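Trainee: One gets my numbering by counting positions in the sequence shown from 1 and adding 1 to each. C-beta: ideal position from N, C-alpha, C; glycine also. Keep in mind the model is a prediction, meaning the values are calculated, not measured. Sharing a structure here in structure tokens format.
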Amino acid sequence: MLMMVTQLYYHWRYFALLLNFRSSPSYPQVPVSVVVAANNEAKNLHTLITSVLEQDYPIFELIIVNDRSTDHSSSILNELKTKDARLKVIEVTELAKGWNGKKQALQLGIESAQYVIILLTDADCIPSSNQWINKMASCFGPETDFVLGFSPYQNKKGLLNQFIQFETLFTAIQYLSFAIKGQPYMGVGRNLAYRKSVFQKYSFSGYEDKMGGDDDLFVNAHAYGLNTMICIGHASHMESIPKLTWKEYFIQKIRHLSVGKSYQKKDQTRLGIFALSSLIGWIMLILAVFMGMKLTLILVIFSIRSLSFYAIFIRSGQKLNVNLAFWALPFFDLCFNLYYPILGLVALLAKKVKWS
Numbered sequence: 002m003l004m005m006v007t008q009l010y011y012h013w014r015y016f017a018l019l020l021n022f023r024s025s026p027s028y029p030q031v032p033v034s035v036v037v038a039a040n041n042e043a044k045n046l047h048t049l050i051t052s053v054l055e056q057d058y059p060i061f062e063l064i065i066v067n068d069r070s071t072d073h074s075s076s077i078l079n080e081l082k083t084k085d086a087r088l089k090v091i092e093v094t095e096l097a098k099g100w101n102g103k104k105q106a107l108q109l110g111i112e113s114a115q116y117v118i119i120l121l122t123d124a125d126c127i128p129s130s131n132q133w134i135n136k137m138a139s140c141f142g143p144e145t146d147f148v149l150g151f152s153p154y155q156n157k158k159g160l161l162n163q164f165i166q167f168e169t170l171f172t173a174i175q176y177l178s179f180a181i182k183g184q185p186y187m188g189v190g191r192n193l194a195y196r197k198s199v200f201q202k203y204s205f206s207g208y209e210d211k212m213g214g215d216d217d218l219f220v221n222a223h224a225y226g227l228n229t230m231i232c233i234g235h236a237s238h239m240e241s242i243p244k245l246t247w248k249e250y251f252i253q254k255i256r257h258l259s260v261g262k263s264y265q266k267k268d269q270t271r272l273g274i275f276a277l278s279s280l281i282g283w284i285m286l287i288l289a290v291f292m293g294m295k296l297t298l299i300l301v302i303f304s305i306r307s308l309s310f311y312a313i314f315i316r317s318g319q320k321l322n323v324n325l326a327f328w329a330l331p332f333f334d335l336c337f338n339l340y341y342p343i344l345g346l347v348a349l350l351a352k353k354v355k356w357s
């Protein structure tokens, strides 16, 4: 019973807020610096750069930081920068001692930015529309320092892609709804904006050597209710290329999860209570089915929890334009709750994961 109460509390105190969220007010346009750290992204650079430079926005620049790439990224960038003065290229040849490669690249890119708003994305991303910059930048009011965007993955065939869609939507429901509640704890670097002045004040100090955290740890440390907005309209989305093998996906998730141990304790506690209550619910159901322990009662309790969760999940998916086989939710729900603690433990013990 405690499990159900805990789950319903999170569902309706937090997650349901996303369903009723309306677009943020549109503030006057301000100049924007789009910053991208790229490592061996030759296959993606042309598409990204073209799509960003086609954005319908009056004043912006695109800064690509080419971090020690060994492919033909440099030749592509040198060719493209001669065609548009808004494209700036920074070549990184050496990694400074005590720095993670991506963080050093972003640090150099942001330091060289000439405009007050920094908009981040990755080299393997494509804007959903030519209004991406406009939508994200228009959320910056006088008190706004952070704007959290949504970055879905492209749809592909297969079970892996469907699971990626599930996990991405689930993560988005959590960090977006917590931000609406006034408790932001993370953002995704594929679609994240903040004021340059905030970065100049704090930078990546204290975790510049960590594999991840250029997005979520920075938000976790410096974002709060009054200085954070979310932007979730489809025109503001930044689509990303998904991993195509389970091995690649697990490596990516380990990299993402490894920074969770550096979240503020209050955020670790809130997220941990929800995850634990969900896991306990599934364990109780499995034990009830195979051992006959109060099967009817547990089925009723678990059904109430599941109907509540799936109703919010489906409507959130529709709101965020996520293409997911919703009939498979129970299967993905079970798999996620079983694999997440295991992968989280691996991430906790992981010492070094290469960025790419």
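At 4 residues or longer, and completely inside the stretch 151-230: list those alpha helix (DSSP H) runs for me, N to C.
Mentor: Complete alpha helix (DSSP H) runs here, min 4: 160-181, 197-203 and 217-223.
Trainee: Would the stretch 119-129 count as touching the stretch 30-44 if we require 3 or more Cβ pairs under 8 Å?
Mentor: Touching, yes, given that three or more Cβ pairs across the two stretches are closer than 8 Å.
Trainee: Is it right to say HIS73 is buried, meaning 16 or more other beta carbons lie within 10 angstroms of its own, or is it exposed?
Mentor: Exposed: under 16 other Cβ atoms inside 10 Å.
Trainee: How should GLN115 be labelled, buried or exposed, when 16 other C-beta atoms within 10 angstroms of its C-beta is the threshold for buried?
Mentor: That one is exposed.
Trainee: Rounded C-beta distance between PHE147 and ASN228? I'm assuming under 8 Å.
Mentor: About 6 Å; that satisfies the 8 Å criterion.
Trainee: Residues bridged to VAL6 by DSSP?
Mentor: For VAL6, which the question treats as bridged, DSSP gives no partner whatsoever.
Trainee: So which of ARG306, ILE64, PRO26 and TRP247 has the shortest CA-CA distance to LEU344?
Mentor: When each option's Cα is compared against that of LEU344, the closest is TRP247.
Trainee: Would you list the residues sitting across from VAL33 in a DSSP beta bridge?
Mentor: VAL33 pairs with PHE61 and ILE118.
Trainee: To the nearest angstrom, report how far apart ILE302 and PHE291 are at their CA atoms.
Mentor: Roughly 17 Å between the two C-alpha positions.
Trainee: Is the CB-CB distance between ALA360 and MET137 below 9 Å?
Mentor: The structure shown does not extend to residue 360, since the chain is modelled only from 2 through 357, so no value can be given for it.
Trainee: Excluding the 5 residues preceding and the 5 following LEU245 in the sequence, name in chain order all residues of the same chain whose CB lies nearer than 8 Å to its CB.
Mentor: So the qualifying residues of the chain are LYS157 and LEU161.
Trainee: Taking the alpha carbon of GLY318 as the point to measure from, which residue in PHE171, LYS254, ASP210 and GLU55 has its own alpha carbon closest?
Mentor: Nearest C-alpha to GLY318: PHE171.
Trainee: Per the DSSP calculation, LYS89 is bridged to which residue(s)?
Mentor: LYS89 pairs with ILE64.
Trainee: Specify the secondary structure class of LEU96 as computed by DSSP and reduced to three states.
Mentor: Reduced to three states, the DSSP call for LEU96 is coil.
Trainee: Buried or exposed for SER27, please, with buried defined as at least 16 other CB atoms from any protein chain shown within 10 angstroms of its CB.
Mentor: Under this definition SER27 is an exposed residue.
Trainee: Let me confirm a value: GLY150 is counted as buried when at least 16 other C-beta atoms fall within 10 Å, else exposed. Which label applies?
Mentor: Looking at its Cβ environment, which holds 16 or more other Cβ atoms inside 10 Å, GLY150 is buried.
Trainee: Can you say whether MET187 is buried or exposed, counting buried as having 16 or more other CB atoms within 10 angstroms of its CB?
Mentor: That one is buried.
Trainee: Which one of ASN101, ASP217 and THR51 has the shortest CA to CA distance from GLU80?
Mentor: Minimum Cα distance to GLU80 is reached at THR51.
Trainee: Which value, in whole angstroms, describes the spacing of the CA atoms of TYR341 and LEU9?
Mentor: Answer to the nearest angstrom: the Cα atoms are 20 Å apart.
Trainee: Which same chain residues end up closer than 7 Å to VAL189 when comparing Cβ atoms and leaving out the 5 residues on each side of it in sequence?
Mentor: For VAL189, where only same-chain residues beyond five positions count, the Cβ hits under 7 Å are SER152 and ASP216.
Trainee: Just how far apart, CA to CA, sit GLY234 and SER24?
Mentor: Rounded to whole angstroms, GLY234 to SER24 spans 7 Å at the Cα level.
Trainee: Considering only their Cβ atoms, is the gap separating LEU350 from LEU258 smaller than 9 Å?
Mentor: It is not a contact, given that the beta carbons lie outside the stated cut-off.
Trainee: Please work out which residues of its chain come closer than 6 Å, Cβ to Cβ, to MET4, disregarding the five sequence neighbours upstream and downstream, and give them in chain order.
Mentor: Taken in chain order, the residues that qualify are SER278, ILE281 and GLY282.
Trainee: Check for me: the beta strand (DSSP E) holding CYS126 runs from which residue to which?
Mentor: From DSSP, the beta strand (DSSP E) with CYS126 extends over 126-128.
Trainee: Between ARG196, GLY293 and ALA276, which lies nearest to ASN338 when the distance is taken from Cα to Cα?
Mentor: Of the candidates ARG196, GLY293 and ALA276, the one whose C-alpha sits nearest the C-alpha of ASN338 is ALA276.
Trainee: Going by other Cβ atoms of all chains shown within 10 Å of its Cβ, with 16 needed for buried, is PRO59 buried or exposed?
Mentor: Burial call: exposed.
Trainee: Helix or strand or just coil, what does DSSP make of PHE1?
Mentor: Nothing about residue 1 can be read from this structure; the chain reaches only from 2 to 357.
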